[in-house]
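Here the structure comes first, spelled out in structure tokens, and everything after it is commentary.
Numbering (the UniProt record's numbering), first residue to last: 1 to 177.
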């Protein structure tokens, strides 16, 4: 199995573990298992140091973004062990896992802004919607508006994350700090 396919499979397995675990009230199972999957992806990457940095930065970015969306009422998290508006551990873990795909299975989108925006606009909101259907979160009162805003947001965020991660990759490969 190629590295990109393995990376995509690991991401999908992690997504299901985190979301179903939360939906079934196993709130810490997902983050712990997804952390292991993040570790597998980092250790199997060509540049472990660059990948680890990308995981940390994207994890923090995603935590802030989803916390802001929750504070704004677009996302409502089920039984969050932290403040009700703060991004929960399972979703933080998924942001970290997503980070490992930016120079992995999603690498083919780097520098291709229109396809990346389309993928973000479709699969970003779809992921949140599926999370709602599985009981891990709820979209805001106006579900259609929430999904539309998530589509716009992800159409911008995914290409930016891909561009940023590609720059980290080129820095890591050339040996410059």
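Think of the CB as a built atom: it goes at the ideal place given N, C-alpha and C, for glycine as much as any other residue.
Thinking just about the alpha-carbon of each residue, which of the options is nearest to the one in residue i?
| i | options | result |
| --- | --- | --- |
| residue 166 | 108, 122 and 119 | 108 |
| residue 6 | 37, 23, 31 and 30 | 37 |
| residue 78 | 133, 61, 158 and 11 | 133 |
| residue 125 | 74, 32 and 28 | 74 |
| residue 158 | 123, 139, 136 and 140 | 123 |
| residue 23 | 80, 48 and 98 | 80 |
Considering only their Cβ atoms, is the gap separating residue j from residue i smaller than 7 Å?
| i | j | result |
| --- | --- | --- |
| residue 92 | residue 63 | yes |
| residue 102 | residue 150 | no |
| residue 154 | residue 130 | no |
| residue 105 | residue 85 | no |
| residue 18 | residue 94 | yes |
What three-state label does DSSP hand residue i in the structure shown?
| i | result |
| --- | --- |
| residue 75 | strand |
| residue 175 | The pLDDT assigned to residue 175 is 35, lower than 50, so where the model puts this residue is not dependable; a value taken from the coordinates is nonetheless given after this. Residue state, collapsed to three classes: coil. |
| residue 138 | strand |
| residue 129 | helix |
| residue 228 | The requested residue 228 does not occur in the structure, where the chain is confined to residues 1 to 177. |
| residue 41 | helix |
| residue 7 | helix |
Would you say the beta carbon of residue i is closer than 6 Å to some non-hydrogen atom of the ligand FAD?
| i | result |
| --- | --- |
| residue 169 | In the structure shown, the ligand FAD is absent, as is every other ligand, since no ligand is present at all. |
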